[in-house]
Ligand SMILES: C[S@@+](CC[C@H](N)C(=O)[O-])C[C@H]1O[C@@H](n2cnc3c(N)ncnc32)[C@H](O)[C@@H]1O
């Protein structure tokens, strides 16, 4: 607890990022990762292998964007640093530890990839119109964009924030969530370089005998295309939940991800560029 309290004090982040609990959540993820190190290791290894597979499609190796880099536990940072002239690690908040390295060409950028969180923080009574972000779309030296274990997390903190600050109708919250996800997928789809989407495609709850008793679709049915690879992430084993129940995520990796006709784009209303 003291360690986490001090980390929160020392980690630089704008007030609204702290008040929306993005920083506390990042610190909590690091603590869970320590407690579940062995359980999470296969997922982290699968993610690293997926990233190395995705960048095989690069024709040049100038800049790679890694979105949702967080503590970099699932990023093959040394390899990316060797291969690319510039590695841009993007997250709404970067844990202090993730910044401890000696590579000048590996840069941490603190950025809300949805472009909507500050607006939501300041105006919680009005759910934002979702616009497709244009972040880095006009940068000509980007050769790979990797969305890493981020997409399913995008709605989690804003929804928790709204529950505490300003209640909304469930239908409106569902539309907001789908639009938030869809905007991210559309943002990724508009790059012409190599891309990868790595994200949860199912959240499962298991009973003491290991039988799945509940499944949720964190992507709200938006993505139907088959992933290039998939695996399980033992995200909350029994020693973590402290009960006989456990949770695991089914994670998908889509290489060169683009939304296509098989995906359900009817989730929200048509979106424009911001
Ligand atoms: C499950 S973690 C990813 C794990 C991370 N790759 C690692 O190795 O530790 C999800 C990450 O998404 C980030 N995130 C959530 N919402 C974000 C947003 N709107 N913009 C940018 N990053 C966001 C969180 O801060 C967190 O670091």
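Numbering (the numbering used here), first residue to last: 3 to 276. Where is the CB? At the ideal position from N, CA and C, for every residue including glycine. Treat the numbers as computed from the prediction; the structure is a model and nothing was measured.
Next item on the list: Pull every residue with its beta-carbon under 6 angstroms away from any heavy atom of ligand 1, and keep them in chain order.
Entry: 24, 28, 31, 70, 71, 72, 73, 74, 75, 76, 77, 93, 94, 95, 114, 115, 116, 119, 150, 151, 152, 155 and 156
Note to self: Check whether the segment 217-229 and the segment 253-269 touch, using three or more Cβ-Cβ pairs below 8 angstroms as the test.
What the structure shows: yes
Next item on the list: May I ask you to list the residues that DSSP assigns as paired with residue 41?
Entry: Indexing the chain shown from 1 puts residue 41 at position 39. Paired residue(s): none; residue 41 is not in a bridge.
Margin query: Please classify residue 179 as buried or exposed, where buried requires at least 16 other C-beta atoms within 10 Å of its C-beta.
Written below: Translated into positions along the chain shown, residue 179 becomes position 177. It counts as buried.
Next item on the list: Determine which residues share a DSSP beta bridge with residue 198 and list them.
Entry: Numbered from 1 along the chain shown, position 196 holds the residue referred to as residue 198. Looking at the DSSP assignment, residue 198 forms a beta bridge with 148 and 257.
Check: Taking Cβ to Cβ, would you say residue 277 is nearer than 8 angstroms to residue 204?
Finding: Since the first residue shown for the chain is 3 and the last is 276, residue 277 is missing from the structure and cannot be characterised.
Notebook entry, point to check: Under three-state DSSP, which class holds residue 249?
Noted result: Along the chain shown, read from residue 1 onward, the residue named residue 249 stands at position 247. Of the three classes helix, strand and coil, the one that applies to residue 249 here is strand, per DSSP.
Item checked: 4-residue-minimum alpha helix (DSSP H) runs that sit fully inside the segment 22-98, ordered along the chain -> 24-37, 39-56 and 79-85
Check: With a Cβ-Cβ cutoff of 8 angstroms, do residue 117 and residue 137 count as a contact?
Finding: Within the chain shown, numbered from 1, the residue matching residue 117 stands at position 115. Within the chain shown, numbered from 1, the residue matching residue 137 stands at position 135. Yes, the Cβ-Cβ distance between residue 117 and residue 137 is below 8 angstroms.
Next item on the list: Using three-state DSSP, classify residue 230 as helix, strand or coil.
Entry: Translated into positions along the chain shown, residue 230 becomes position 228. In the structure shown, residue 230 adopts coil according to DSSP, grouped into three states.
Check: Which of helix, strand or coil does DSSP assign to residue 13?
Finding: Taking the first residue of the chain shown as 1, we reach residue 13 at position 11. The answer is coil: DSSP assigns residue 13 none of H, G, I, E or B.
Checklist line | Contacts around residue 71, its chain only, beta-carbon distance under 8 angstroms, and the 5 residues preceding and following it disregarded | finding: Counting from 1 along the chain shown, the entry for residue 71 is found at position 69. So the qualifying residues of the chain are 77, 91, 92, 93, 96, 100, 110 and 150.
Next item on the list: Could you check the C-alpha separation between residue 239 and residue 217 for me, to the nearest Å?
Entry: Position 237 of the chain shown, counted from the first residue, corresponds to residue 239. Position 215 of the chain shown, counted from the first residue, corresponds to residue 217. For residue 239 and residue 217, the distance between alpha carbons rounds to 16 angstroms.
Notebook entry, point to check: Between the segment 117-136 and the segment 6-23, do at least 3 Cβ pairs fall closer than 8 angstroms?
Noted result: yes
Note to self: Less than 7 angstroms between C-beta atoms, sequence neighbours within five positions excluded: which residues of the same chain meet that for residue 28?
What the structure shows: Here residue 28 refers to the residue found at position 26 when the chain shown is read from its first residue. Within the same chain, residue 28 has close Cβ partners 72, 95 and 97.
Check: Where residue 89 and residue 187 are concerned, what is the direct C-alpha to C-alpha distance, given to the nearest angstrom?
Finding: The residue given as residue 89 occupies position 87 in the chain shown. The residue given as residue 187 occupies position 185 in the chain shown. Whole-angstrom Cα-Cα distance: 21 angstroms.
Check: Under 8 angstroms, do residue 67 and residue 183 count as touching if we go by C-beta distance?
Finding: By one-based count along the chain shown, residue 67 stands at place 65. By one-based count along the chain shown, residue 183 stands at place 181. Result no, Cβ atoms of residue 67 and residue 183 do not sit closer than 8 angstroms.
Note to self: Can you tell me whether residue 108 is buried or exposed? The criterion is at least 16 other CB atoms within 10 Å of its CB, across all chains shown.
What the structure shows: In the chain shown, counting from the first residue as 1, residue 108 sits at position 106. So residue 108 ends up on the buried side.
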